[in-house]
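So the structure is just underneath, and the comments pick up after that.
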Amino acid sequence: MTPSSEYNFAYLDEQTKRMIRRAILKGLAIPGYQVPFASREMPMPYGWGTGGVQVSAAVLTPEDRFKVIDQGADDTTNAVSIRSFFERTAGVATTTITTEATVIQTRHRIPEVPLSEGQILVYQVPIPEPLRFLEPRESETRKMHSLEEYGLMHVKLYEDISRHGHIATSYAYPVKVEARYVMDPSPIPKFDNPKLGDCPAIQLFGAGREQRIYALPPYTQVVSLDFEDHPFEATKADHPCGMCGATDSYLDEVIIDDAGGRMFVCSDTDYCEARQTAGHRGKDAA
Amino acid sequence: MTPLLSVQGLSKHYGAHIGCADVSFDLYPGEVMGIVGESGSGKSTLLNCMAGHLPPDAGAVVFDTRGHGPRDTVTMSEPERRMLSRTDWAFVHQHARDGLRMGVSAGGNVGERLMAVGARHYGDIRGKAVDWLDRVEIDAGRVDDRPTTFSGGMQQRLQIARNLVTGPRLVFMDEPTGGLDVSVQARLLDLLRGLVRDMGLSAIIVTHDLAVVRLLADRLMVMKDGHVVEAGLTDQVLDDPQHAYTQLLVSSVLQV
Chain A
1 MTPSSEYNFA
11 YLDEQTKRMI
21 RRAILKGLAI
31 PGYQVPFASR
41 EMPMPYGWGT
51 GGVQVSAAVL
61 TPEDRFKVID
71 QGADDTTNAV
81 SIRSFFERTA
91 GVATTTITTE
101 ATVIQTRHRI
111 PEVPLSEGQI
121 LVYQVPIPEP
131 LRFLEPRESE
141 TRKMHSLEEY
151 GLMHVKLYED
161 ISRHGHIATS
171 YAYPVKVEAR
181 YVMDPSPIPK
191 FDNPKLGDCP
201 AIQLFGAGRE
211 QRIYALPPYT
221 QVVSLDFEDH
231 PFEATKADHP
241 CGMCGATDSY
251 LDEVIIDDAG
261 GRMFVCSDTD
271 YCEARQTAGH
281 RGKDAA
Chain B
1 MTPLLSVQGL
11 SKHYGAHIGC
21 ADVSFDLYPG
31 EVMGIVGESG
41 SGKSTLLNCM
51 AGHLPPDAGA
61 VVFDTRGHGP
71 RDTVTMSEPE
81 RRMLSRTDWA
91 FVHQHARDGL
101 RMGVSAGGNV
111 GERLMAVGAR
121 HYGDIRGKAV
131 DWLDRVEIDA
141 GRVDDRPTTF
151 SGGMQQRLQI
161 ARNLVTGPRL
171 VFMDEPTGGL
181 DVSVQARLLD
191 LLRGLVRDMG
201 LSAIIVTHDL
211 AVVRLLADRL
221 MVMKDGHVVE
231 AGLTDQVLDD
241 PQHAYTQLLV
251 SSVLQV
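Residue numbers (full-length UniProt numbering), protein chains in the order written: chain A, 1 to 286; chain B, 1 to 256.
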């Protein structure tokens, strides 16, 4: 598809992209630090990935191959509309195959297939501040970050254990980056947390409404917070995928009738399809 | 003997108004100092300046730190001051709601300071929390309840437990018994007196209740319009007041 001539490449004007790139570079220089940036109005509502879209627009080049996933899936509304947005405004090639993509914008998942050098993973972030629900004052949370006062984060985990007997936080699980900044990894399941650290790809986080960008350069040390006697555990539903039989992927639970029937399928559609093409079958596969 | 806290010429103005002016005193380890005076006399301003919550306009607050001996807390860096207020200092607010996290369980409230100084073992933190709830006479079974479900007196005791869990050496108290009924006040005072004696705490207590200082304080300062008008041993000041204002204050207490 040819790009629409009414728009600058990738929708945003060059000065805006330059401003966002500056914020990205600063974020990469200080891993985990939330860099404020002048977030623009985008032709989509807040909460639909305005931050991620701006970061993608700033890093896309005409040679890139773009992939968008929403909860792991390539075919949901959010993923489809953002993909077609950049097809129209940037004219970049798109794909659903993780290994072929050079820029992947994601909402709530990290792809199952390990990422490689040269790839950029762009996260959509609703609330970038991990301390927000514990300390509502922005002035105070900034001070806590600058003075490295992170005891409060453990109070949240303490509350989890005292109420549920284990750390019940299952998504947006707080991590510490390079032994310095505590960071919200966006609402990815904690199953994905181990993939954040030592990752060959560049990881960029954009929060449009909150006007913050942060980043993890390749091969950054990322540690999930925990207690000595309640260590971090990456959890998933204890089933194989119903379609492809995978036992190592993160699963969605799908209700299939009103008699209590349910099945578990890979949330990463590309991973699941690739396995099915290779001949793997789960118990629910038609 | 080095004073634990040495306040020198502390002043704070709010524009043309005097908050407190030229206050100086020494507090020695194990000593409890009472500050009394009417509303607006500058007691709370003084306390907040000493505790680092307000920047004073002039003067020094020299604290005998564990590692580096006497240091002026007004000019020390903010991280150091905040570290002090998490470890060696404690601050008990008049309203327990100001000093507690109301959305966090009692155990989490007590454990917060431990976690803030690096405790990362859940079992230990919880053990200490339960121990401290017991010491302030809160049933250990309430450890997972939120402070919103506690009575006013229990909230105040929880606030005290939360502050004392890291073994501070100096406690600032702002009207610790304000807003509690007399029988609850009496039990709280009893508890405070026991803790102060057992732990060898030094404390600075701001109050307008003379009975509180009579029970707890070794020494007393009387403030009026931002100035200290009289200071001395508690019994001495209360039984033989010299300054006209102190005489008025002492004679204003209702006798039952």
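We put the beta carbon where it would ideally sit given N, CA and C, even for glycine.
Would you mind working out which of B/G167, B/V222 and B/V182 sits nearest B/D198, comparing C-alpha positions?
B/G167
Report the neighbours of A/I161 on chain B: residues whose CB is nearer than 9 Å to its CB, in chain order.
Those within 9 Å of A/I161 in chain B are Y122 and R126.
If we count Cβ pairs, one from each stretch, closer than 8 Å, do we get three or more for the segment 12-19 of chain B versus the segment 39-50 of chain B?
Counting Cβ pairs under 8 Å, three or more are found: they touch.
A/G208 to A/S39, Cα distance in whole Å?
6 Å
Mind reading off the beta-carbon distance from A/A10 to A/T89? Whole number of angstroms is fine, and I expect it under 8 Å.
6 Å
May I ask you to report which of helix, strand or coil DSSP gives A/S225?
Note on residue identity: the sequence assigns Leu, not Ser, to residue 225 of chain A. Coil at A/L225, not helix or strand.
Does the beta-carbon of B/S85 have 16 or more other beta-carbons within 10 angstroms, so that it is buried, or is it exposed?
With a threshold of 16 other beta carbon atoms within 10 Å, B/S85 meets it and is buried.
For the segment 112-138 of chain A, which segments carrying the beta strand (DSSP E) assignment without a break, of at least 3 residues, lie completely within its bounds, in sequence order?
120-124
Output the distance between the C-alpha atoms of B/R146 and A/T94, rounded to the nearest integer angstrom.
51 Å
Alpha carbons only, please: which of A/Q124, A/E210, A/Q34 and A/V35 is nearest the one belonging to A/A57?
Relative to the Cα of A/A57, the nearest Cα in the group A/Q124, A/E210, A/Q34 and A/V35 belongs to A/Q124.
For B/V117, decide whether its Cβ has a neighbour in chain A, counting only Cβ atoms nearer than 9 Å.
Taking Cβ atoms only, chain A reaches closer than 9 Å to B/V117, which makes this a yes.
For A/E253, the residue or residues it bridges with in DSSP
A/F264
Suppose you measure from the CA of B/G179 to the CA of B/H227; what does that come to, to the nearest Å?
Cα to Cα, the separation comes out at about 26 Å.
Chain-order list of residues whose beta-carbon lies under 7 Å from that of A/Q71 (same chain, five-residue window excluded)
R107, H108, R109 and S267
Between B/I138 and B/A106, which are expected to be in contact by the criterion C-beta below 8 Å, what is the C-beta distance as a whole number of angstroms?
7 Å
How many Å lie between B/M102 and B/G108 at the Cα?
10 Å
What is the C-beta distance between A/T269 and A/D64, in whole angstroms, given that I count them as a contact (C-beta under 8 Å)?
Not really, about 21 Å apart at Cβ, beyond 8 Å.
Assuming B/V32 contacts B/A217 under a Cβ cut-off of 8 Å, what Cβ separation, rounded to an integer in Å, is found between them?
Their Cβ separation, rounded to whole angstroms, is 5 Å, which keeps B/V32 and B/A217 in contact under 8 Å.
Proximity to A/P218 [Cα-Cα], best of A/R212, A/Q211, A/D198 and A/H230:
A/D198
Going along chain A, which residues have a C-beta under 8 Å from B/R82?
Simply L147 and E149.
At which residues does the beta strand (DSSP E) containing B/V32 begin and terminate?
V32 to V36
Tell me whether A/K283 sits in a helix, a strand or coil according to DSSP, three-state version.
In this structure, A/K283 counts as coil in the three-state DSSP scheme.
Start and end of the alpha helix (DSSP H) containing A/Y46?
It is not in any alpha helix (DSSP H) - A/Y46 carries neither H nor E in the DSSP assignment.
Distance cutoff 9 Å, beta carbons only. Does A/V155 sit that close to anything in chain B?
yes
What is the rounded straight-line gap between the Cα of A/N78 and the Cα of B/I125?
44 Å
Bounding residues of the beta strand (DSSP E) (the contiguous stretch that carries B/R10)
Strictly speaking, residue 10 of chain B in this sequence is Leu, with Arg absent from that position. Run containing B/L10: L5 to Y14, per the beta strand (DSSP E) assignment.
Beta carbons nearer than 9 Å to chain B: which residues of the segment 227-240 of chain A have them?
F227, E228, D229 and H230
On the three-state DSSP scale, how would you describe A/Y11?
The three-state reading of DSSP puts A/Y11 in strand, counting E and B together.
What are the start and end residues of the alpha helix (DSSP H) that includes B/R86?
E78 to T87
Straight-line gap, A/G260 to A/D284 (C-alpha atoms, nearest Å)
Distance from the CA of A/G260 to the CA of A/D284, rounded to the nearest whole angstrom, comes to 15 Å.
Separation of A/L12 from A/M1, as counted between CA atoms
Residue placement at A/M1 is flagged as unreliable, the pLDDT there being 49, under the threshold of 50; the coordinate-derived value follows with that caveat. Looking at the two C-alpha atoms, the distance is approximately 19 Å.
Whether residue 310 of chain A touches A/L152 by CB criterion (9 Å):
Outside the shown range of chain A (1 to 286) lies residue 310 of chain A, about which nothing can therefore be said.
Measure the alpha-carbon distance for B/P241 versus B/A211 and round it to whole angstroms.
15 Å
Check whether the segment 169-185 of chain B and the segment 117-132 of chain B touch, using three or more Cβ-Cβ pairs below 8 Å as the test.
Two segments are said to touch when three or more pairs of C-beta atoms, one from each, lie closer than 8 Å; by this definition the segment 169-185 of chain B does not touch the segment 117-132 of chain B.
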